[in-house]
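Q: Can you keep this structure in mind? I'll have questions shortly.
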Amino acid sequence: MQKRVVGCLAAGAALGAARFADLALWTDRDTGLVTAGWVGWRYLALFAFVAAVLLVSWRGSWQAGPVVRPGGRVPAGALDVSAALAALCMLEQAVGSFVQAEGGASLVRGALAVVCALWLAALDWYWLTNRRESPAAPPPWMAWLGVAGSLVFVWDILRSFMTNGSSWHRVAQTAAVWQQLAALLLLSALLRAVCLPGEPNPRAVGRYGLLAFGLCLCWQLPQCILLPGGPGDWALCALGLLGGLCAVLCAGPGLEKRGSHAAD
1 MQKRVVGCLA AGAALGAARF ADLALWTDRD TGLVTAGWVG WRYLALFAFV
51 AAVLLVSWRG SWQAGPVVRP GGRVPAGALD VSAALAALCM LEQAVGSFVQ
101 AEGGASLVRG ALAVVCALWL AALDWYWLTN RRESPAAPPP WMAWLGVAGS
151 LVFVWDILRS FMTNGSSWHR VAQTAAVWQQ LAALLLLSAL LRAVCLPGEP
201 NPRAVGRYGL LAFGLCLCWQ LPQCILLPGG PGDWALCALG LLGGLCAVLC
251 AGPGLEKRGS HAAD
């Protein structure tokens with residue numbers, strides 16, 4: 001299972017390298033329009049990565065323990081860092097929304113970003129304070145905060161459909177919907193694994209973690225480097241890093257156990 005996950009991570013890195021070359025050589029950075037080559041190749045690359053992740057996550061076994069109760073290993077400690085970075089970026093984005101508010105929609109978006117930052121900070125706090133054999137259950141308010149914090153990506157998805165230009169040649173704007181959906185699915189899987197009663201679903205955490213790694217980190221990072229990136233762009237990168245680390249931990253050693261095929 002670990003080899004398959006590493007293969008998906010490598011595929012995500014290759015996707016990011018291809019995206020970097022595409023932005024640098026064959027995309028107008030001012031308009032975001034493709035200037036050379038068939039635009040469909042970009043979407044086929046995204047489809048291929050998503051299909052590979054779905055195939056890998058469907059086969060094999062996963063474990064949720066390292067995510068519900070991280071240990072002292074380096075990847076587990078990196079969970080705290082990535083969650084804290086995402087929280088800081090979301091908070092900075094919220095401040096920008098309030099300062100540059102152009103109407104009620106900007107204020108609502110800023111408020112949702114604040115709640116999302118609080119949810120990520122609470123998740124970080126839980127991981128930092130529960131590294132023991134019998135961790136304390138998260139307080140009930142964390143579940144409600146997680147539900148409310150995820151709404152910022154629902155808002156972004158709806159806003160993308162309503163405000164973005166409807167040209168398939170504007171790849172970044174079209175792919176942004178995929179990125180926001182991947183972030184939403186990752187946070188929902190973490191919410192279920194950490195805060196909700198019952199057995200966690202490690203398959204969902206691993207699957208959506210890999211999707212977030214490829215779409216939110218590998219695809220977004222070249223845009224943050226070559227184009228002006230705001231706090232929201234870097235927040236997506238941090239969430240992608242968090243997703244990749246969750247997938248690595250859920251695919252840790254000793255995974256070949258029966259009964260870990262929880263329903264999605």
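Residue numbers (the numbering used here): 1 to 264. Beta carbons are placed, not taken as given, at the ideal position from N, Cα and C, and that holds for glycine.
1) Expressed to the nearest angstrom, what Euclidean distance is found between the alpha-carbon atoms of A113 and E199?
2) Quick check on the burial criterion: 16 or more other C-beta atoms within 10 angstroms. Buried or exposed for A11?
3) Leaving aside the five residues before and after G16 along the sequence, list all residues of the same chain whose C-beta is less than 7 Å from its C-beta, in chain order.
4) If contact is defined by three or more beta carbon pairs under 8 Å, each pair taking one atom from either stretch, is the stretch 141 to 153 in contact with the stretch 99 to 106?
5) Identify whether L33 lies in helix, strand or coil by the three-state DSSP scheme.
6) I need the DSSP call for R59, collapsed to helix, strand or coil.
7) Indicate whether G37 and W26 have their beta-carbon atoms separated by less than 8 Å.
8) With a cut-off of 8 Å, does the C-beta of L187 fall near any C-beta of chain B?
9) Please report the Cβ distance between L186 and G243, rounded to the nearest whole angstrom; I am assuming they are in contact, meaning their Cβ atoms lie under 8 Å.
10) Check whether the Cβ atoms of V81 and G214 sit closer than 8 Å, and answer yes or no.
11) Going by the beta-carbon positions, is the gap between L33 and H169 smaller than 8 Å?
12) Let me know the secondary structure DSSP gives R170 once reduced to three states.
13) Which residue's Cα is closest to the Cα of L230: L128, L245 and C89?
A: In terms of the structure at hand:
1) 29 Å
2) With 16 or more other CB atoms across the displayed protein chains lying within 10 angstroms of its CB, A11 is buried.
3) C218, W219, L221 and P222
4) No, they do not touch.
5) strand
6) coil
7) Here G37 is near W26, since their CB atoms are less than 8 Å apart.
8) You won't find chain B in this structure, because it holds only one protein chain.
9) 5 Å
10) no
11) Contact: yes.
12) strand
13) Per the sequence presented here, residue 230 reads as Gly, with Leu not at that position. For G230, the closest of L128, L245 and C89 by C-alpha to C-alpha distance is C89.
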